[in-house]
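Asker: Got a structure here, written out as structure tokens. Questions coming.
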Amino acid sequence: MLEIEKRGFLTKKKYYELIKFFNKNGRFLGDDDKDVVYYIFNNKLLKAVHNISKKNAKISLKMNKIGDGSVFPEIEVIFNEKDYPKIKFILDKITNPDKIMKGIQKRKNYIYRDCEFAVKWSKDWGYHFEVEKVVENKKVVAGVLREIESIVSELGINIMSEEELKNFTKKAEENANKKL
């Protein structure tokens, strides 16, 4: 399976406008607040996630870094919430990432026009959104990317280019710790 994912920044005003719009016109999937540790490697991103709102935990491996393409395999394994400290401990001991970042994410998830939207806030990113769709066939990727661009345009929000994402994440990673 391939995840097609795009992101963009929001003003505080647009953040609340999107929530209001999606509450009226989308399907609310729920709050999805998270405490996340990002293990940043030169060619991938590993995350230990405490899903505060969902009361569970997971590890997630994105087979690229943010800013290195919007279509990539992502593998997730969900655990019991009480196991999060153990998951984090194991990952801290067995991984050797280039950088480690940690942060709280406030998010609300919606389905709108067959795409999943996360309207988010975090210290490092501020107000922002993520839109994604999972597909099984590479042949549909170009069409899905056009569909996402059309929906985002309709909503009056902008997708960050790969170059903008790469520059932003590079700057954020410069402030990250090598070890927690």
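Position 165 (the sequence shown) corresponds to 167 in our numbering; numbering is contiguous. Ideal Cβ placement from N, Cα and C applies to all residues, glycine included.
Taking 7 Å as the limit between beta carbons, can you name the residues of its chain near N27, skipping five residues before and five after?
Answerer: Within the sequence shown, the letter at position 25 stands for residue 27. Result list for N27: Y114, in chain order.
Asker: Just the C-alpha distance for K108 and D100, rounded to the nearest angstrom, thanks.
Answerer: Within the sequence shown, the letter at position 106 stands for residue 108. Within the sequence shown, the letter at position 98 stands for residue 100. Each residue's Cα considered, the two are about 26 Å apart.
Asker: Ignoring anything shorter than 4 residues or poking outside the region 38-113, list the alpha helix (DSSP H) runs there in chain order.
Answerer: 86-96
Asker: Mapping the DSSP letters down to three states, classify G28 as helix, strand or coil.
Answerer: Along the sequence shown, read from residue 1 onward, the residue named residue 28 stands at position 26. Reduced to three states, the DSSP call for G28 is coil.
Asker: With a threshold of 8 Å between beta carbons, is K22 in contact with chain D?
Answerer: The chain inventory of the structure shown lacks chain D, comprising one protein chain alone.
Asker: Quick check on E138: does DSSP put it in helix, strand or coil?
Answerer: Within the sequence shown, numbered from 1, the residue matching residue 138 stands at position 136. In this structure, E138 counts as coil in the three-state DSSP scheme.
Asker: Tell me whether K8 sits in a helix, a strand or coil according to DSSP, three-state version.
Answerer: Indexing the sequence shown from 1 puts residue 8 at position 6. Three-state result, K8: strand.
Asker: Of the choices K141, W127, K49 and A120, whose alpha-carbon is the least far from that of E134?
Answerer: The residue you call residue 134 lines up with position 132 of the sequence shown. Comparing Cα positions, the closest option is A120.
Asker: For N98, does the count of other Cβ atoms within 10 angstroms reach 16, so buried, or fall short, so exposed?
Answerer: Taking the sequence shown and counting its residues from 1, the one referred to as residue 98 is at position 96. Counting of Cβ neighbours within 10 angstroms places N98 among the exposed residues, the total staying below 16.
Asker: Do you know whose CA, among V136, L47, K56 and R29, lies nearest E7's CA?
Answerer: Translated into the one-based positions of the sequence shown, residue 7 becomes position 5. The option with the nearest alpha carbon to E7 is V136.
Asker: Helix, strand or coil: how does DSSP classify G128 here?
Answerer: Position 126 of the sequence shown holds residue 128. Reduced to three states, the DSSP call for G128 is strand.
Asker: Drop a sphere of 10 angstroms on the beta-carbon of L182, count the other beta-carbons inside from all chains shown, and report buried for 16 or more, exposed for fewer.
Answerer: By 1-based counting over the sequence shown, the position of residue 182 is 180. The predicted position of L182 is uncertain, since its pLDDT is 48 and thus under 50; no value can be drawn from it.
Asker: Does DSSP put A178 in a helix, a strand or coil?
Answerer: In the sequence shown, counting from the first residue as 1, residue 178 sits at position 176. If DSSP states are grouped into helix, strand and coil, A178 belongs with coil.
Asker: Please classify N169: is it buried, with 16 or more other beta-carbons within 10 angstroms of its beta-carbon, or exposed?
Answerer: On the sequence shown, position 167 is the one that residue 169 refers to. Classification for N169: exposed.
Asker: Quick test of the definition: if touching needs 3 or more C-beta pairs under 8 Å, does the region 9-26 touch the region 122-134?
Answerer: yes
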